[in-house]
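Data first, discussion second: the structure below is written as structure tokens.
In the working numbering, the protein residues as written are 1 to 626.
Encoded structure:
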């Protein structure tokens with residue numbers, strides 16, 4: 001007996017379209033999941049020092065050995081990927097079960113078409129619903145294969161849930177307007193004492209030159225022979241930049257997690273104090289006039305240490321002058337000493353790019369020693385700081401009101417002079433740190449101009465065309481972005497699990513192709529076919545068949561044989577059609593001659609009873625046994 005000749009769609013339908021699609025779709029899903037992880041894997045490198053601006057490589061990839069971040073959908077969450085993979089394994093579970101049945105039926109068909117036929121005892125004891133403990137009385141190879149598939153299915157249904165992880169990923173993330181990065185206004189006091197979120201000291205007090213924890217002030221130094229290294233601490237700074245005092249911890253919670261590190265690069269307004277040296281020779285007398293004077297005993301400004309005098313004044317709006325000299329030996333009367341040096345700093349606005357270090361949930365510290373991780377993108381093109389203020393403030397404020405009230409440094413001097421003297425009179429204070437402290441205090445007095453710092457985004461160009469120092473270093477980044485390492489935010493997969501997914505997916509597709517090549521078996525496990533075969537006596541049973549009546553006894557040995565015709569498929573198909581036609585005609589004629597109300601006609605019933613009597617009296621061996 002052989003399957004009926006049919007066209008290709010009919011052939012696929014006979015194989016089970018649903019189970020074939022289950023293998024193909026399930027296998028394809030696993031391949032895509034595995035490839036999605038493997039294409040984004042590379043050998044991890046050691047993390048760079050987050051305190052220095054750096055050029056990371058392999059963005060969006062895991063830095064943990066053996067783990068790969070998803071190339072697509074890494075932000076979907078672990079549960080989403082478990083669900084996707086679970087669908088694939090569910091489909092494969094169904095597909096492999098049907099593939100096993102087809103292979104078993106095809107092998108059984110070949111056995112049935114041989115001379116000895118198929119051992120029907122072993123065939124029945126190999127069925128899924130056979131009342132056996134293991135299946136030794138069936139076909140052990142197939143029974144073992146069945147249990148192996150079941151065990152592998154159980155292991156896969158548990159194991160794939162542990163294949164997904166949240167690796168540490170090196171990323172470039174652009175910052176939006178909704179990112180919780182906040183800025184606090186500067187104060188002339190020593191500490192913030194009215195906000196639990198800002199319990200530390202104010203930046204102008206602690207942002208010393210060459211200090212690794214600078215939060216708002218960036219220093220640009222005079223160096224030995226203009227070299228990159230070797231800062232001249234006996235000379236004043238060339239320039240100071242005062243940016244915003246930032247934090248990534250808001251009332252809604254931190255933006256980062258423990259273990260995450262890197263740099264936040266922001267574009268923002270900042271005050272710039274650009275230094276110069278006025279020409280001429282100057283002297284200092286006992287009458288200080290409009291200068292603010294600080295006398296330092298045993299100062300290290302000079303070598304060897306000796307008493308020094310430092311003075312500062314506002315020589316014009318947003319124009320600071322600082323001078324220092326050696327104190328006279330006798331200052332009780334009239335005296336005059338030459339000024340060793342005088343520096344002038346003009347305060348103006350600029351758009352800057354600030355690199356801040358992400359560490360311990362926060363981003364309040366600038367990158368580099370002394371905050372030198374700050375670069376200028378564009379300087380004020382409004383002509384002067386005053387012009388900028390008058391064009392920015394709405395409603396318009398007159399120049400006299402700005403100079404006399406809003407930014408009157410002389411009126412604000414008592415607010416910071418006490419703290420400033422403590423900083424300058426410290427025994428370890430150098431000229432660099434002393435001048436820096438004065439500049440920082442004066443710049444805070446001018447903060448009302450720009451107001452509290454806010455991030456500037458791509459469309460905002462207040463000073464026209466800008467220089468972008470990071471576009472080549474970090475491709476695809478906007479003006480505000482984070483570059484560093486994310487922990488627990490993105491989803492990845494173990495590399496070994498991804499390889500298993502790809503291999504298993506390929507096996508599933510190959511099994512589907514093998515099933516199509518193998519074709520529909522002549523003998524199936526469907527009960528309807530076996531009822532027909534028993535009726536046509538293709539199944540030769542012995543008297544031991546009575547033991548099957550309860551449904552809970554295994555088939556005994558020598559139960560019988562099942563034989564199928566071995567004609568070509570076309571002939572077998574025609575014979576099957578003819579047999580079915582004759583059978584239908586016979587059943588129809590018998591139905592007309594009798595009052596049959598069940599499945600078995602009267603004649604069939606008499607024949608079956610006669611056959612049972614022969615079996616009970618003679619008990620012959622199995623029919624057609626060979």
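Even for Gly, the Cβ is constructed at its ideal location relative to N, Cα and C.
Being a predicted model, the structure only gives us computed values, none of them experimental.
Extract the residue ranges of the beta strand (DSSP E) inside the stretch 262-310, only unbroken runs of 3 or more that lie entirely within it. 283-285 and 292-299
Ordered along the chain, which non-local residues of its own chain (more than five positions away) have a Cβ less than 8 Å from that of residue 617? Counting from one through the chain shown, the residue named residue 617 turns up at place 617. Because the pLDDT at residue 617 is just 46, under 50, the model does not fix this residue reliably, and the value given afterwards should be weighed accordingly. Result list for residue 617: empty, nothing under 8 Å.
Whole beta strand (DSSP E) runs in the stretch 346-412 with 3 or more residues, listed along the chain? 362-366 and 374-379
Status (buried if at least 16 other CB within 10 Å, exposed otherwise) for residue 446: The residue given as residue 446 occupies position 446 in the chain shown. Result: buried.
Enclosing alpha helix (DSSP H) for residue 10 [first to last residue]: Your numbering for residue 10 matches position 10 in the chain shown. Note, residue 10: alpha helix (DSSP H), 8-15.
Opposite residue 535 in the DSSP bridges: which residues? For the purposes of this step, residue 535 is identified with residue 535 of the chain shown, where counting begins at 1. Answer is none; residue 535 lacks a bridge partner.
Residue 98: first and last residue of the uninterrupted alpha helix (DSSP H) it sits in: The residue given as residue 98 occupies position 98 in the chain shown. Run containing residue 98: 78-112, per the alpha helix (DSSP H) assignment.
Taking a contact to mean a Cβ-Cβ separation below 8 Å, would you say residue 109 touches residue 522 in this structure? Your numbering for residue 109 matches position 109 in the chain shown. Your numbering for residue 522 matches position 522 in the chain shown. Contact flag set, yes.
Whole angstroms are fine: how far does the CA of residue 557 sit from the CA of residue 545? On the chain shown, position 545 is the one that residue 545 refers to. On the chain shown, position 557 is the one that residue 557 refers to. When rounded, the distance between both Cα atoms is 10 Å.
For residue 38 and residue 469, I'd like the C-alpha separation in whole angstroms. Along the chain shown, read from residue 1 onward, the residue named residue 38 stands at position 38. Along the chain shown, read from residue 1 onward, the residue named residue 469 stands at position 469. Those two C-alpha atoms are separated by around 33 Å.
Just list the residues that DSSP pairs residue 447 with in beta bridges. Taking the first residue of the chain shown as position 1, residue 447 is located at position 447. Partner(s): none; residue 447 has no beta bridge.
Just curious, the alpha helix (DSSP H) that residue 224 is in, first and last residue? Residue mapping note: residue 224 aligns to position 224 of the chain shown, counting from 1. Neither: residue 224 is in no alpha helix (DSSP H) and is coded neither H nor E.
Who pairs with residue 336 in a beta bridge, going by DSSP? Taking the first residue of the chain shown as position 1, residue 336 is located at position 336. Note: residue 336 sits in a beta bridge opposite 285.
Which one or two residues does DSSP pair with residue 312 in a beta bridge? Here residue 312 refers to the residue found at position 312 when the chain shown is read from its first residue. Paired residues: 292 and 322.
Tell me where the beta strand (DSSP E) around residue 174 begins and ends. In the chain shown, residue 174 corresponds to position 174, counting from 1. Element bounds for residue 174: 169-174.
Does the beta-carbon distance from residue 508 to residue 92 come in below 8 Å? Reading the chain shown from its first residue, position 508 is the one you call residue 508. Reading the chain shown from its first residue, position 92 is the one you call residue 92. Yes.
Would DSSP call residue 486 helix, strand or coil? As a first step, residue 486 is located in the chain shown; it is residue number 486 there, counting from the start. In this structure, residue 486 counts as strand in the three-state DSSP scheme.
Taking all protein chains shown into account, do 16 or more other C-beta atoms lie within 10 angstroms of the C-beta of residue 277, making it buried, or fewer, making it exposed? Walking along the chain shown from the start, residue 277 turns up at place 277. The residue is exposed, with fewer than 16 neighbouring Cβ atoms inside 10 Å.
DSSP state of residue 524, grouped into three classes? By one-based count along the chain shown, residue 524 stands at place 524. In this structure, residue 524 counts as coil in the three-state DSSP scheme.
Taking the CB atoms as reference points, tell me whether residue 216 and residue 236 lie closer together than 8 Å. Along the chain shown, one-based indexing puts residue 216 at 216. Along the chain shown, one-based indexing puts residue 236 at 236. Contact: no.
Taking the alpha-carbon positions, what's the residue 179 to residue 267 distance? On the chain shown, position 179 is the one that residue 179 refers to. On the chain shown, position 267 is the one that residue 267 refers to. Cα to Cα, the separation comes out at about 14 Å.
So, are the CB atoms of residue 157 and residue 139 less than 8 Å apart? Taking the first residue of the chain shown as position 1, residue 157 is located at position 157. Taking the first residue of the chain shown as position 1, residue 139 is located at position 139. No.
Using a Cβ distance threshold of 8 Å, determine whether the stretch 344-362 contacts the stretch 275-291, with at least three qualifying pairs required. yes
On the DSSP bridge assignment, give the partners of residue 247 in chain order. For the purposes of this step, residue 247 is taken as residue 247 along the chain shown, with counting starting at 1. According to DSSP, residue 247 bridges with 182.
Put residue 239 into one of helix, strand or coil per three-state DSSP. As a working mapping, residue 239 is identified with position 239 in the chain shown. Note: residue 239 maps to strand in three-state DSSP.
Nearest-angstrom Cα distance between residue 352 and residue 212? For the purposes of this step, residue 352 is taken as residue 352 along the chain shown, with counting starting at 1. For the purposes of this step, residue 212 is taken as residue 212 along the chain shown, with counting starting at 1. Looking at the two C-alpha atoms, the distance is approximately 20 Å.
Where does residue 602 land, buried or exposed, given buried means 16+ other C-beta within 10 angstroms? Stepping through the chain shown from its first residue, residue 602 is reached at position 602. Per-residue confidence for residue 602 stands at a pLDDT of 38, beneath the threshold of 50, marking its modelled position as unreliable; no derived number is given.
Using CA atoms only, rank isn't needed, just tell me which of 431, 542, 104 and 165 is closest to residue 307. One-based indexing of the chain shown puts residue 307 at position 307. Closest option to residue 307, Cα to Cα, is 431.
Distance check for residue 384 and residue 654, CA to CA, integer angstroms please. Outside the shown range of the chain (1 to 626) lies residue 654, about which nothing can therefore be said.
Could you tell me which of 365, 463 and 163 sits nearest to residue 80, measuring between CA atoms? Position 80 of the chain shown holds residue 80. Here the closest residue by C-alpha is 163.
Express the C-alpha separation of residue 128 and residue 541 in angstroms, rounding to a whole number. Here residue 541 is taken as the residue at index 541 of the chain shown, counted from 1. Here residue 128 is taken as the residue at index 128 of the chain shown, counted from 1. Going by the C-alpha atoms only, they are around 21 Å apart.
Going straight from the alpha carbon of residue 368 to that of residue 375, what length do you get? Taking the chain shown and counting its residues from 1, one reaches residue 368 at position 368. Taking the chain shown and counting its residues from 1, one reaches residue 375 at position 375. If I take the Cα positions, the gap works out to 12 Å.
8 Å Cβ cutoff met for residue 247 and residue 362: Taking the chain shown and counting its residues from 1, one reaches residue 247 at position 247. Taking the chain shown and counting its residues from 1, one reaches residue 362 at position 362. The answer is yes: Cβ separation under 8 Å.
In the DSSP assignment, what residue or residues form a beta bridge with residue 504? Translated into the one-based positions of the chain shown, residue 504 becomes position 504. Residue 504 is not bridged to any residue.
Give the DSSP-derived three-state secondary structure of residue 625 in the structure shown. For the purposes of this step, residue 625 is taken as the residue at position 625 of the chain shown. For residue 625, the predicted structure reports a pLDDT of 35, less than 50, and the residue's modelled location is therefore unreliable. A value from the coordinates is still provided. Reduced to three states, the DSSP call for residue 625 is coil.
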